[in-house]
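Quick notes on the structure that follows.
The following block contains the structure:
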(Lines of atoms letter the chains of each structure in order from A; the text may use other names.)
(Lines give C-alpha, C1' and ligand atoms only; values in the text may rest on other atoms or scores of the structure.)
Protein backbone atom coordinates (compact mmCIF):
# COMPACT_ATOMS: atom_id res chain seq x y z
CA UNK A 367 0.00 0.00 0.00
CA UNK A 368 1.28 3.46 -0.92
CA UNK A 369 -0.34 6.64 0.41
CA UNK A 370 -1.69 9.13 -2.09
CA UNK A 371 -3.97 8.56 -5.03
CA UNK A 372 -5.84 5.24 -5.57
CA UNK A 373 -3.36 4.16 -8.24
CA UNK A 374 -0.40 4.77 -5.95
CA UNK A 375 0.72 8.10 -7.43
CA UNK A 376 1.67 10.97 -5.15
CA UNK A 377 -0.91 13.78 -5.29
CA UNK A 378 1.77 16.47 -5.68
CA UNK A 379 3.84 14.76 -8.39
CA UNK A 380 3.22 14.33 -12.07
CA UNK A 381 4.02 10.61 -12.08
CA UNK A 382 5.14 8.13 -9.50
CA UNK A 383 8.81 8.35 -8.50
CA UNK A 384 10.85 5.17 -8.23
CA UNK A 385 11.00 3.49 -4.82
CA UNK A 386 14.80 3.88 -4.72
CA UNK A 387 14.30 7.58 -3.97
CA UNK A 388 13.88 6.81 -0.30
CA UNK A 389 17.36 5.20 -0.04
CA UNK A 390 19.43 6.94 -2.73
CA UNK A 391 20.99 10.37 -2.61
CA UNK A 392 18.92 13.32 -3.79
CA UNK A 393 19.82 14.94 -7.06
CA UNK A 394 20.44 18.29 -5.36
CA UNK A 395 20.34 19.33 -1.73
CA UNK A 396 22.40 20.63 1.16
CA UNK A 397 25.95 19.59 0.36
CA UNK A 398 24.81 17.48 -2.62
CA UNK A 399 25.52 18.48 -6.23
CA UNK A 400 24.91 17.00 -9.66
CA UNK A 401 26.54 17.46 -13.08
CA UNK A 402 24.96 17.89 -16.48
CA UNK A 403 26.57 18.23 -19.88
CA UNK A 404 26.10 18.21 -23.63
CA UNK A 405 28.09 16.92 -26.60
CA UNK A 406 27.55 16.78 -30.35
CA UNK A 407 29.04 13.44 -31.45
CA UNK A 408 28.50 14.26 -35.16
CA UNK A 409 27.76 10.68 -36.17
CA UNK A 410 27.95 7.14 -34.81
CA UNK A 411 26.85 5.21 -37.88
CA UNK A 412 29.97 3.10 -38.25
CA UNK A 413 30.70 0.20 -35.92
CA UNK A 414 33.93 1.76 -34.64
CA UNK A 415 32.25 5.07 -33.80
CA UNK A 416 29.39 3.26 -32.08
CA UNK A 417 31.80 1.25 -29.93
CA UNK A 418 33.67 4.40 -28.91
CA UNK A 419 30.40 6.13 -28.05
CA UNK A 420 29.32 3.15 -25.94
CA UNK A 421 32.60 3.16 -24.00
CA UNK A 422 32.34 6.90 -23.43
CA UNK A 423 28.82 6.51 -22.03
CA UNK A 424 30.00 3.75 -19.67
CA UNK A 425 32.87 5.84 -18.27
CA UNK A 426 31.13 9.22 -18.20
CA UNK A 427 30.52 10.64 -14.71
CA UNK A 428 27.82 13.20 -15.48
CA UNK A 429 24.33 12.62 -14.09
CA UNK A 430 22.56 13.94 -17.21
CA UNK A 431 24.29 14.01 -20.61
CA UNK A 432 22.63 15.33 -23.77
CA UNK A 433 23.96 13.81 -27.02
CA UNK A 434 23.20 15.51 -30.35
CA UNK A 435 23.46 14.29 -33.94
CA UNK A 436 24.06 10.63 -33.11
CA UNK A 437 22.47 9.11 -36.28
CA UNK A 438 21.88 5.84 -34.45
CA UNK A 439 19.51 4.08 -32.06
CA UNK A 440 21.05 3.05 -28.74
CA UNK A 441 19.75 0.36 -26.42
CA UNK A 442 17.71 1.47 -23.43
CA UNK A 443 20.45 0.54 -20.94
CA UNK A 444 24.23 0.67 -21.34
CA UNK A 445 25.89 -0.66 -18.18
CA UNK A 446 24.16 1.28 -15.37
CA UNK A 447 23.16 4.19 -17.64
CA UNK A 448 19.69 4.66 -19.09
CA UNK A 449 19.30 5.99 -22.63
CA UNK A 450 16.32 8.09 -23.72
CA UNK A 451 16.08 8.07 -27.53
CA UNK A 452 14.20 11.02 -29.03
CA UNK A 453 14.89 9.77 -32.55
CA UNK A 454 17.44 8.09 -34.74
CA UNK A 455 19.08 11.21 -36.14
CA UNK A 456 18.18 13.53 -33.29
CA UNK A 457 18.87 13.91 -29.62
CA UNK A 458 19.50 11.43 -26.82
CA UNK A 459 19.72 11.72 -23.04
CA UNK A 460 22.00 9.60 -20.86
CA UNK A 461 20.94 9.27 -17.21
CA UNK A 462 23.01 7.96 -14.33
CA UNK A 463 21.60 5.70 -11.62
CA UNK A 464 20.92 8.61 -9.29
CA UNK A 465 19.12 10.64 -11.96
CA UNK A 466 17.10 7.56 -13.00
CA UNK A 467 15.80 7.19 -9.46
CA UNK A 468 14.80 10.85 -9.37
CA UNK A 469 13.17 10.93 -12.80
CA UNK A 470 9.48 11.91 -12.69
CA UNK A 471 8.74 11.77 -16.41
CA UNK A 472 10.29 12.41 -19.80
CA UNK A 473 8.74 13.47 -23.09
CA UNK A 474 10.05 13.92 -26.63
CA UNK A 475 8.92 16.59 -29.09
CA UNK A 476 10.03 15.29 -32.45
CA UNK A 477 13.65 14.22 -32.68
CA UNK A 478 15.19 17.57 -31.66
CA UNK A 479 13.66 18.31 -28.22
CA UNK A 480 13.47 16.09 -25.14
CA UNK A 481 12.11 17.22 -21.74
CA UNK A 482 12.94 15.51 -18.43
CA UNK A 483 11.63 16.44 -14.99
CA UNK A 484 13.38 15.28 -11.84
CA UNK A 485 12.27 15.19 -8.23
CA UNK A 486 13.95 17.19 -5.48
CA UNK A 487 12.94 17.98 -1.92
CA UNK A 488 12.78 21.77 -2.29
CA UNK A 489 11.84 22.10 -5.96
CA UNK A 490 11.67 20.19 -9.23
CA UNK A 491 14.39 20.19 -11.89
CA UNK A 492 13.43 20.43 -15.56
CA UNK A 493 16.16 19.71 -18.12
CA UNK A 494 15.41 20.37 -21.79
CA UNK A 495 17.69 18.84 -24.41
CA UNK A 496 17.79 20.91 -27.61
CA UNK A 497 19.28 20.23 -31.03
CA UNK A 498 18.57 23.39 -33.05
CA UNK A 499 18.59 22.90 -36.85
CA UNK A 500 21.67 24.39 -38.49
CA UNK A 501 21.48 27.10 -41.12
CA UNK A 502 22.08 25.64 -44.57
CA UNK A 503 21.23 26.74 -48.08
CA UNK A 504 18.78 23.85 -48.49
CA UNK A 505 16.87 24.52 -45.24
CA UNK A 506 14.17 27.23 -45.47
CA UNK A 507 13.90 29.97 -42.88
CA UNK A 508 10.39 28.87 -41.95
CA UNK A 509 11.81 25.68 -40.45
CA UNK A 510 13.84 27.71 -37.95
CA UNK A 511 10.78 29.79 -37.05
CA UNK A 512 8.71 26.65 -36.49
CA UNK A 513 11.36 25.14 -34.24
CA UNK A 514 11.59 28.34 -32.17
CA UNK A 515 7.79 28.33 -31.82
CA UNK A 516 7.76 24.69 -30.67
CA UNK A 517 10.50 25.37 -28.11
CA UNK A 518 8.55 28.40 -26.90
CA UNK A 519 5.46 26.24 -26.31
CA UNK A 520 7.57 23.71 -24.39
CA UNK A 521 8.98 26.39 -22.07
CA UNK A 522 5.50 27.77 -21.45
CA UNK A 523 4.55 24.49 -19.78
CA UNK A 524 7.50 24.56 -17.34
CA UNK A 525 6.61 25.63 -13.81
CA UNK A 526 8.11 28.88 -12.57
CA UNK A 527 9.34 27.14 -9.43
CA UNK A 528 11.37 24.55 -11.35
CA UNK A 529 15.10 24.80 -11.83
CA UNK A 530 15.11 25.15 -15.63
CA UNK A 531 18.19 23.98 -17.57
CA UNK A 532 18.51 23.96 -21.37
CA UNK A 533 21.38 21.92 -22.83
CA UNK A 534 22.37 21.06 -26.37
CA UNK A 535 23.66 22.25 -29.71
CA UNK A 536 21.82 25.51 -30.50
CA UNK A 537 23.74 26.38 -33.71
CA UNK A 538 23.48 29.95 -32.43
CA UNK A 539 24.77 31.88 -35.44
CA UNK A 540 23.08 34.36 -37.74
CA UNK A 541 19.31 34.11 -37.80
CA UNK A 542 19.29 31.33 -35.20
CA UNK A 543 20.99 33.65 -32.71
CA UNK A 544 18.29 36.28 -33.30
CA UNK A 545 15.55 33.75 -32.59
CA UNK A 546 17.38 32.47 -29.52
CA UNK A 547 17.88 36.00 -28.16
CA UNK A 548 14.18 36.76 -28.50
CA UNK A 549 13.36 33.51 -26.73
CA UNK A 550 15.71 34.29 -23.84
CA UNK A 551 14.24 37.77 -23.45
CA UNK A 552 10.72 36.36 -23.31
CA UNK A 553 11.51 33.88 -20.51
CA UNK A 554 14.24 35.93 -18.77
CA UNK A 555 16.95 33.38 -19.59
CA UNK A 556 20.70 33.84 -19.74
CA UNK A 557 23.85 31.96 -20.74
CA UNK A 558 26.15 31.33 -17.73
CA UNK A 559 29.13 31.04 -20.09
CA UNK A 560 28.67 34.74 -20.84
CA UNK A 561 27.00 36.04 -17.68
CA UNK A 562 28.91 34.41 -14.82
CA UNK A 563 31.99 32.64 -16.19
CA UNK A 564 33.79 35.35 -18.12
CA UNK A 565 36.80 33.17 -18.94
CA UNK A 566 34.52 30.95 -21.08
CA UNK A 567 32.84 33.79 -22.94
CA UNK A 568 35.11 33.61 -25.99
CA UNK A 569 35.93 29.90 -25.85
CA UNK A 570 34.50 28.20 -28.93
CA UNK A 571 32.79 24.83 -28.77
CA UNK A 572 32.85 24.14 -32.52
CA UNK A 573 35.46 25.00 -35.12
CA UNK A 574 34.75 25.00 -38.88
CA UNK A 575 36.72 22.40 -40.85
CA UNK A 576 40.22 23.59 -41.74
CA UNK A 577 40.06 26.64 -39.45
CA UNK A 578 42.22 27.32 -36.35
CA UNK A 579 40.72 26.79 -32.91
CA UNK A 580 40.71 30.54 -32.22
CA UNK A 581 37.98 31.04 -34.84
CA UNK A 582 35.56 28.62 -33.17
CA UNK A 583 31.93 29.48 -32.45
CA UNK A 584 30.22 29.00 -29.11
CA UNK A 585 27.13 27.06 -30.23
CA UNK A 586 26.97 24.28 -27.59
CA UNK A 587 25.33 26.14 -24.73
CA UNK A 588 23.90 25.88 -21.26
CA UNK A 589 20.92 28.21 -20.75
CA UNK A 590 18.93 28.79 -17.56
CA UNK A 591 16.83 31.40 -15.79
CA UNK A 592 18.61 34.60 -14.91
CA UNK A 593 17.70 34.56 -11.21
CA UNK A 594 18.77 30.88 -10.91
CA UNK A 595 22.27 31.39 -12.25
CA UNK A 596 23.67 31.19 -8.71
CA UNK A 597 22.95 27.43 -8.82
CA UNK A 598 25.83 26.90 -11.26
CA UNK A 599 28.98 26.29 -9.25
CA UNK A 600 31.39 25.36 -12.03
CA UNK A 601 31.50 25.10 -15.82
CA UNK A 602 33.98 23.40 -18.12
CA UNK A 603 34.53 23.27 -21.87
CA UNK A 604 36.80 20.32 -22.58
CA UNK A 605 37.77 17.86 -25.26
CA UNK A 606 35.66 14.67 -25.23
CA UNK A 607 37.41 11.37 -24.57
CA UNK A 608 37.20 8.31 -26.82
CA UNK A 609 34.85 10.03 -29.29
CA UNK A 610 36.18 11.78 -32.41
CA UNK A 611 34.19 14.94 -33.13
CA UNK A 612 34.78 18.59 -34.01
CA UNK A 613 32.66 19.73 -31.04
CA UNK A 614 33.75 20.18 -27.45
CA UNK A 615 31.97 18.90 -24.38
CA UNK A 616 30.24 21.44 -22.10
CA UNK A 617 29.63 20.40 -18.49
CA UNK A 618 28.29 22.24 -15.44
CA UNK A 619 27.98 21.43 -11.75
CA UNK A 620 24.85 22.55 -9.92
CA UNK A 621 24.58 23.05 -6.18
CA UNK A 622 22.08 24.37 -3.66
CA UNK A 623 23.50 27.65 -2.41
CA UNK A 624 22.93 31.39 -2.80
CA UNK A 625 25.58 33.71 -4.14
CA UNK A 626 23.99 37.15 -4.52
CA UNK A 627 26.91 38.48 -6.52
CA UNK A 628 25.64 36.61 -9.57
CA UNK A 629 21.90 36.79 -8.97
CA UNK A 630 21.45 39.35 -11.75
CA UNK A 631 18.09 40.79 -12.68
CA UNK A 632 15.18 38.89 -11.17
CA UNK A 633 12.14 38.23 -13.30
CA UNK A 634 9.64 39.02 -10.54
CA UNK A 635 11.09 42.46 -9.69
CA UNK A 636 10.40 45.69 -11.50
CA UNK A 637 13.33 47.40 -13.19
CA UNK A 638 11.97 50.86 -12.30
CA UNK A 639 13.26 53.25 -9.67
CA UNK A 640 12.84 52.43 -5.94
CA UNK A 641 10.29 55.24 -5.65
CA UNK A 642 8.07 53.80 -8.39
CA UNK A 643 8.43 50.32 -6.89
CA UNK A 644 7.37 51.61 -3.46
CA UNK A 645 4.36 53.43 -4.87
CA UNK A 646 3.17 50.27 -6.64
CA UNK A 647 3.12 48.29 -3.39
CA UNK A 648 -0.38 47.32 -2.21
CA UNK A 649 -0.09 49.27 1.05
CA UNK A 650 0.43 52.52 -0.90
CA UNK A 651 -2.64 52.02 -3.07
CA UNK A 652 -5.89 53.75 -2.21
CA UNK A 653 -8.93 51.77 -1.22
CA UNK A 654 -10.48 52.51 -4.57
CA UNK A 655 -7.48 51.11 -6.47
CA UNK A 656 -7.30 48.00 -4.30
CA UNK A 657 -10.99 47.27 -4.69
CA UNK A 658 -10.85 47.87 -8.43
CA UNK A 659 -7.91 45.50 -8.71
CA UNK A 660 -9.75 42.76 -6.84
CA UNK A 661 -13.03 43.28 -8.68
CA UNK A 662 -11.44 43.38 -12.13
CA UNK A 663 -9.61 40.17 -11.28
CA UNK A 664 -12.98 38.50 -10.79
CA UNK A 665 -14.25 39.62 -14.18
CA UNK A 666 -13.64 37.10 -16.91
CA UNK A 667 -12.78 39.47 -19.74
CA UNK A 668 -12.82 37.30 -22.82
CA UNK A 669 -13.48 39.40 -25.90
CA UNK A 670 -13.83 36.33 -28.10
CA UNK A 671 -16.66 34.70 -26.16
CA UNK A 672 -18.54 37.71 -24.75
CA UNK A 673 -20.16 40.81 -26.14
CA UNK A 674 -17.97 43.90 -25.95
CA UNK A 675 -20.94 46.14 -25.10
CA UNK A 676 -21.85 43.91 -22.18
CA UNK A 677 -18.25 43.92 -20.94
CA UNK A 678 -18.15 47.70 -21.18
CA UNK A 679 -21.38 48.10 -19.19
CA UNK A 680 -20.12 45.68 -16.57
CA UNK A 681 -16.86 47.59 -16.33
CA UNK A 682 -18.65 50.94 -15.88
CA UNK A 683 -20.94 49.50 -13.21
CA UNK A 684 -17.98 48.05 -11.31
CA UNK A 685 -16.07 51.32 -11.62
CA UNK A 686 -18.96 53.41 -10.26
CA UNK A 687 -19.69 51.00 -7.43
CA UNK A 688 -16.09 50.82 -6.26
CA UNK A 689 -15.63 54.56 -6.55
CA UNK A 690 -18.59 55.24 -4.25
CA UNK A 691 -17.50 52.55 -1.83
CA UNK A 692 -13.91 53.75 -1.80
CA UNK A 693 -14.96 57.37 -1.31
CA UNK A 694 -17.04 56.43 1.73
CA UNK A 695 -14.26 54.37 3.29
CA UNK A 696 -11.68 57.08 2.67
CA UNK A 697 -13.86 59.54 4.60
CA UNK A 698 -14.13 57.10 7.48
CA UNK A 699 -10.36 56.51 7.56
CA UNK A 700 -9.66 60.26 7.70
CA UNK A 701 -11.65 60.48 10.92
CA UNK A 702 -14.66 62.27 9.46
CA UNK A 703 -18.12 61.36 10.58
CA UNK A 704 -20.32 59.35 8.23
CA UNK A 705 -22.58 62.37 7.65
CA UNK A 706 -19.68 64.35 6.24
CA UNK A 707 -19.03 66.69 9.21
CA UNK A 708 -15.36 67.69 9.45
CA UNK A 709 -13.29 67.30 12.57
CA UNK A 710 -12.21 70.08 14.94
CA UNK A 711 -8.87 70.68 13.23
CA UNK A 712 -10.48 71.32 9.85
CA UNK A 713 -13.10 73.64 11.37
CA UNK A 714 -10.41 75.73 13.03
CA UNK A 715 -8.54 75.97 9.72
CA UNK A 716 -11.68 77.16 7.93
CA UNK A 717 -12.35 79.79 10.62
CA UNK A 718 -8.78 81.07 10.33
CA UNK A 719 -9.21 81.44 6.57
CA UNK A 720 -12.44 83.38 7.09
CA UNK A 721 -10.80 85.83 9.49
CA UNK A 722 -7.89 86.31 7.12
CA UNK A 723 -10.25 86.95 4.20
CA UNK A 724 -12.27 89.50 6.21
CA UNK A 725 -9.11 91.38 7.15
CA UNK A 726 -8.00 91.46 3.51
CA UNK A 727 -11.39 92.78 2.38
CA UNK A 728 -11.32 95.54 5.02
CA UNK A 729 -7.96 96.73 3.75
CA UNK A 730 -9.24 96.89 0.16
CA UNK A 731 -10.94 99.83 -1.52
CA UNK A 732 -14.72 99.72 -1.62
CA UNK A 733 -14.77 100.23 -5.36
CA UNK A 734 -12.20 97.51 -6.13
CA UNK A 735 -14.74 94.76 -6.79
CA UNK A 736 -12.30 92.61 -8.74
CA UNK A 737 -9.89 92.37 -5.81
CA UNK A 738 -12.67 91.64 -3.35
CA UNK A 739 -14.07 88.79 -5.41
CA UNK A 740 -10.54 87.48 -5.99
CA UNK A 741 -10.11 87.27 -2.21
CA UNK A 742 -13.44 85.47 -1.89
CA UNK A 743 -12.37 83.03 -4.60
CA UNK A 744 -8.84 82.28 -3.36
CA UNK A 745 -9.20 82.49 0.42
CA UNK A 746 -12.73 81.17 0.89
CA UNK A 747 -13.04 78.93 -2.15
CA UNK A 748 -16.13 80.67 -3.57
CA UNK A 749 -16.53 79.36 -7.11
CA UNK A 750 -19.66 81.30 -8.08
CA UNK A 751 -22.26 83.54 -6.51
CA UNK A 752 -25.20 81.63 -7.96
CA UNK A 753 -24.43 78.42 -6.11
CA UNK A 754 -23.15 79.96 -2.86
CA UNK A 755 -25.58 82.77 -1.89
CA UNK A 756 -29.15 81.68 -1.09
CA UNK A 757 -32.03 83.72 -2.48
CA UNK A 758 -33.58 84.48 0.92
CA UNK A 759 -30.54 86.50 2.02
CA UNK A 760 -30.57 90.23 1.41
CA UNK A 761 -27.66 92.60 1.05
CA UNK A 762 -27.85 93.49 4.73
CA UNK A 763 -27.13 89.90 5.71
CA UNK A 764 -24.23 89.44 3.30
CA UNK A 765 -21.51 90.26 5.83
CA UNK A 766 -22.69 87.77 8.41
CA UNK A 767 -23.38 85.13 5.77
CA UNK A 768 -19.81 85.36 4.49
CA UNK A 769 -18.57 84.68 8.00
CA UNK A 770 -20.90 81.73 8.56
CA UNK A 771 -20.69 80.28 5.06
CA UNK A 772 -17.48 78.26 5.53
CA UNK A 773 -17.48 77.77 9.28
CA UNK A 774 -18.95 74.26 8.74
CA UNK A 775 -19.96 74.11 12.38
CA UNK A 776 -23.33 72.38 12.06
CA UNK A 777 -23.77 71.69 15.75
CA UNK A 778 -26.33 74.00 17.29
CA UNK A 779 -25.76 74.52 21.02
CA UNK A 780 -27.50 76.91 23.36
CA UNK A 781 -24.29 77.47 25.31
CA UNK A 782 -22.36 78.61 22.26
CA UNK A 783 -22.34 82.35 21.76
CA UNK A 784 -23.04 83.26 18.13
CA UNK A 785 -20.38 85.20 16.32
CA UNK A 786 -21.56 88.71 15.52
CA UNK A 787 -19.71 90.74 12.92
CA UNK A 788 -18.44 94.14 13.87
CA UNK A 789 -21.03 96.88 13.37
CA UNK A 790 -24.10 94.60 13.48
CA UNK A 791 -26.71 93.99 16.14
CA UNK A 792 -26.82 90.88 18.25
CA UNK A 793 -29.82 89.40 16.47
CA UNK A 794 -28.61 86.45 14.42
CA UNK A 795 -30.64 84.35 12.10
CA UNK A 796 -30.33 80.59 11.74
CA UNK A 797 -28.07 79.73 8.81
CA UNK A 798 -27.83 76.33 7.19
CA UNK A 799 -25.21 74.71 5.01
CA UNK A 800 -25.84 75.88 1.43
CA UNK A 801 -24.96 72.41 0.18
CA UNK A 802 -28.02 71.07 2.01
CA UNK A 803 -30.29 74.01 1.12
CA UNK A 804 -33.58 72.65 -0.30
CA UNK A 805 -34.32 75.93 -2.09
CA UNK A 806 -33.63 76.12 -5.82
CA UNK A 807 -30.54 77.85 -7.13
CA UNK A 808 -30.98 81.64 -6.91
CA UNK A 809 -30.22 84.28 -9.45
CA UNK A 810 -26.84 85.97 -9.23
CA UNK A 811 -26.90 89.06 -6.93
CA UNK A 812 -27.13 92.51 -8.38
CA UNK A 813 -24.00 94.66 -8.43
CA UNK A 814 -25.70 97.19 -6.13
CA UNK A 815 -26.30 94.49 -3.53
CA UNK A 816 -22.63 93.55 -3.62
CA UNK A 817 -21.62 97.19 -3.25
CA UNK A 818 -23.92 97.71 -0.25
CA UNK A 819 -22.84 94.50 1.42
CA UNK A 820 -19.13 95.29 1.13
CA UNK A 821 -19.73 98.82 2.34
CA UNK A 822 -21.49 97.50 5.41
CA UNK A 823 -18.71 95.01 6.02
CA UNK A 824 -16.07 97.77 5.91
CA UNK A 825 -18.00 99.83 8.43
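In the working numbering, the protein residues as written are 367 to 825. C-beta atoms are modelled at their ideal positions from N, C-alpha and C, and glycine is treated no differently.
Can you tell me the Cα-Cα spacing of residue i and residue j, whole angstroms?
i, j, result
"residue 509", "residue 610", "29 angstroms"
"residue 471", "residue 449", "14 angstroms"
"residue 395", "residue 583", "34 angstroms"
"residue 414", "residue 441", "16 angstroms"
"residue 716", "residue 745", "10 angstroms"
"residue 404", "residue 605", "12 angstroms"
"residue 623", "residue 616", "22 angstroms"
"residue 464", "residue 493", "15 angstroms"
"residue 565", "residue 547", "21 angstroms"
"residue 528", "residue 521", "11 angstroms"
"residue 727", "residue 736", "11 angstroms"
"residue 690", "residue 561", "51 angstroms"
"residue 446", "residue 497", "25 angstroms"
"residue 502", "residue 512", "16 angstroms"
"residue 523", "residue 710", "60 angstroms"
"residue 563", "residue 424", "29 angstroms"
"residue 682", "residue 743", "35 angstroms"
"residue 568", "residue 676", "58 angstroms"
"residue 506", "residue 416", "31 angstroms"
"residue 314", "residue 687", "Any answer about residue 314 is impossible in this case: the structure gives the chain only from 367 up to 825."
"residue 574", "residue 552", "31 angstroms"
"residue 533", "residue 519", "17 angstroms"
Whole-angstrom Cβ separation of residue i and residue j, contact assumed at under 8 angstroms?
i, j, result
"residue 408", "residue 612", "7 angstroms"
"residue 457", "residue 495", "5 angstroms"
"residue 452", "residue 430", "So it is not a contact: roughly 14 angstroms between Cβ atoms."
"residue 434", "residue 406", "4 angstroms"
"residue 603", "residue 550", "20 angstroms between Cβ atoms; not a contact."
"residue 720", "residue 730", "Their Cβ separation, rounded to whole angstroms, is 16 angstroms, which puts residue 720 and residue 730 out of contact at 8 angstroms."
"residue 828", "residue 390", "In the structure displayed, the chain extends from 367 to 825; residue 828 sits before or after that span and is not available."
Does DSSP put residue i in a helix, in a strand, or in coil?
i, result
"residue 517", "helix"
"residue 572", "strand"
"residue 611", "coil"
"residue 687", "helix"
"residue 730", "coil"
"residue 454", "coil"
"residue 389", "Note that residue 389 has pLDDT 42, beneath the 50 cutoff, so the model's placement of it is unreliable and no number is given."
"residue 426", "coil"
"residue 675", "helix"
"residue 510", "helix"
"residue 489", "coil"
"residue 526", "coil"
"residue 737", "helix"
"residue 621", "coil"
"residue 725", "helix"
"residue 718", "helix"
"residue 463", "helix"
"residue 443", "strand"
Return the chain-ordered list of same chain residues with a C-beta closer than 7 angstroms to the C-beta of residue i, the five sequence neighbours on each side being excluded.
i, result
"residue 420", "444"
"residue 608", "418, 421, 422"
"residue 399", "599, 619, 620, 621"
"residue 489", "527, 528, 529"
"residue 469", "461, 482, 484"
"residue 538", "546, 585, 587"
"residue 543", "none"
"residue 412", "none"
Inspect the beta-carbon positions of residue i and residue j and report whether they are closer than 9 angstroms.
i, j, result
"residue 594", "residue 530", "yes"
"residue 460", "residue 426", "yes"
"residue 478", "residue 491", "no"
"residue 559", "residue 601", "yes"
"residue 514", "residue 545", "yes"
"residue 741", "residue 718", "no"
"residue 486", "residue 393", "yes"
"residue 432", "residue 410", "no"
"residue 428", "residue 462", "yes"
"residue 572", "residue 614", "yes"
Return yes when at least one heavy atom of the ligand HEM lies under 8 angstroms from the C-beta of residue i, else no.
i, result
"residue 447", "For the structure depicted, the ligand HEM is absent and the ligand set is empty, with no information on it obtainable."
Does residue i get closer than 9 angstroms to chain B when you measure Cβ to Cβ?
i, result
"residue 518", "Any reference to chain B falls outside this structure, which holds one protein chain only."
Can you give me the Cβ contacts of residue i inside the same chain, cut-off strictly under 6 angstroms, excluding the 5 residues immediately before and after it?
i, result
"residue 587", "536, 557"
"residue 911", "Within the shown structure, residues of the chain are numbered from 367 to 825, placing residue 911 beyond reach of any answer."
Beta-carbon within less than 8 angstroms of residue i's beta-carbon, same chain only, minus the 5 sequence neighbours each way: which residues are those?
i, result
"residue 525", "490, 492"
"residue 476", "452, 453, 456, 516"
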